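First residue of the sequence shown: 19, per this note's numbering; consecutive thereafter. The beta carbon of each residue, even a glycine, is placed where N, CA and C say it ideally should be. Just so it is clear, the structure is predicted and the values come from calculations on it, not from any experiment. In what follows, a single structure is set out as structure tokens and then discussed.
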Amino acid sequence: MFKRLCILLFTSMVVNVPGYGQDYFRIQADISVKISNTDGTKSLTRAKIYYDKNIKELIYDIYFPQEEKWVSKDTSLYKYNKDSLIQRITIPSLNEFTVFHLALNTGLNDYGLKKTNYNLSKVEKKGDLVLSYWKIPEQLNLPIDHVVIAKKESRLESVVMVGKDREILSKQFFRNYIKIDAFEFPGQIIHITYDSIGKENYQVTEFSNIKVNDLANTQLYHFKQ
Numbered sequence: 019m020f021k022r023l024c025i026l027l028f029t030s031m032v033v034n035v036p037g038y039g040q041d042y043f044r045i046q047a048d049i050s051v052k053i054s055n056t057d058g059t060k061s062l063t064r065a066k067i068y069y070d071k072n073i074k075e076l077i078y079d080i081y082f083p084q085e086e087k088w089v090s091k092d093t094s095l096y097k098y099n100k101d102s103l104i105q106r107i108t109i110p111s112l113n114e115f116t117v118f119h120l121a122l123n124t125g126l127n128d129y130g131l132k133k134t135n136y137n138l139s140k141v142e143k144k145g146d147l148v149l150s151y152w153k154i155p156e157q158l159n160l161p162i163d164h165v166v167i168a169k170k171e172s173r174l175e176s177v178v179m180v181g182k183d184r185e186i187l188s189k190q191f192f193r194n195y196i197k198i199d200a201f202e203f204p205g206q207i208i209h210i211t212y213d214s215i216g217k218e219n220y221q222v223t224e225f226s227n228i229k230v231n232d233l234a235n236t237q238l239y240h241f242k243q
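Structure, rendered in structure tokens:
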């Protein structure tokens, strides 16, 4: 389950650009992750997430299929059952690269690529979409050749990862944006990956009950062991 959540949440690079007139620094949301694989396996995870971009702890209060608390901090993921630590996993330091951090820093509309060392190679308009093509530097030694970002009215619509042989590695679609004053966040993200014979695996993540800048419940955004 952790691996599948990482596929969605730990994909982008952070960018800080001018945008909202108000500083948004804290977000909470209900999250539902449905996975359907080509081998017929399916799963459903439901949780409440809390994130403060200054504290930089990503907290999952999972309540389905079983109650657990996951805390992602620095290079560790801590898993708790009630108040007991049951597992600690070493991970890359990725909280600043998540969809939550990107949205709070107004970097979601370009997937955070504008301030990376990826090279913008082409921009074109197709219908009501503006497509930008980002070339991956060879020294990164990644299986990805380039990334295609689609925006509509300056809002991120999709991200397509293209491999060295021009094959599509994955697609993400950002849907049903929720607007809270000047803050926007996708209500749904569809992530499609491919197995060895080209069949599609689906991960559908839905967000609801989104709140930003919650000042009344600071204790929820910092886990005390």
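Counterpart residues of A65 in DSSP-defined beta bridges: I49, I80.
Counterpart residues of G125 in DSSP-defined beta bridges: In the DSSP output, where bridge partners are listed per residue, G125 has none listed.
Q243, DSSP secondary structure in three states: In the structure shown, Q243 sits in coil (DSSP, three-state: anything other than H, G, I, E or B).
Under 9 Å between C-beta atoms of E202 and L126: Yes, they are a contact pair.
Which of helix, strand or coil DSSP assigns to K229: DSSP places K229 in strand when its eight states are reduced to three.
Cβ neighbours of N194 in the same chain (closer than 6 Å, five flanking residues each side left out): Within the same chain, N194 has close Cβ partners G205, Q206.
D199 vs K169 beta-carbon contact at 9 Å: Contact: no.
CB contact flag (V141, H164, <9 Å): Taking 9 Å as the cut-off, the Cβ atoms of V141 and H164 do not count as close.
Every unbroken alpha helix (DSSP H) inside the stretch 155–232 [4 residues or more]: With a minimum length of 4 residues, no continuous alpha helix (DSSP H) run stays inside the stretch 155–232.
Environment of I104 [buried if 16+ CB atoms lie within 10 Å]: With fewer than 16 Cβ atoms within 10 Å of its Cβ, I104 is classed as exposed.
Assigned exposure category for S61 - 16 Cβ within 10 Å defines buried: Answer is exposed; the Cβ neighbour count stays below 16.
The stretch 45–59 in contact with the stretch 211–226 per 3-pair CB rule at 8 Å: Between the stretch 45–59 and the stretch 211–226 there are three or more inter-stretch CB-CB distances shorter than 8 Å, so the stretches are counted as touching.
Other residues of its chain near L187: CB distance less than 8 Å, five sequence neighbours each side excluded: Once the five neighbours on either side are set aside, the close Cβ partners of L187 are P161, I162, M179, V180, G181, T211, Y212.
Limits of the beta strand (DSSP E) - the one that L103 falls within: Membership of L103 in the beta strand (DSSP E) is indicated by the continuous run 102–108.
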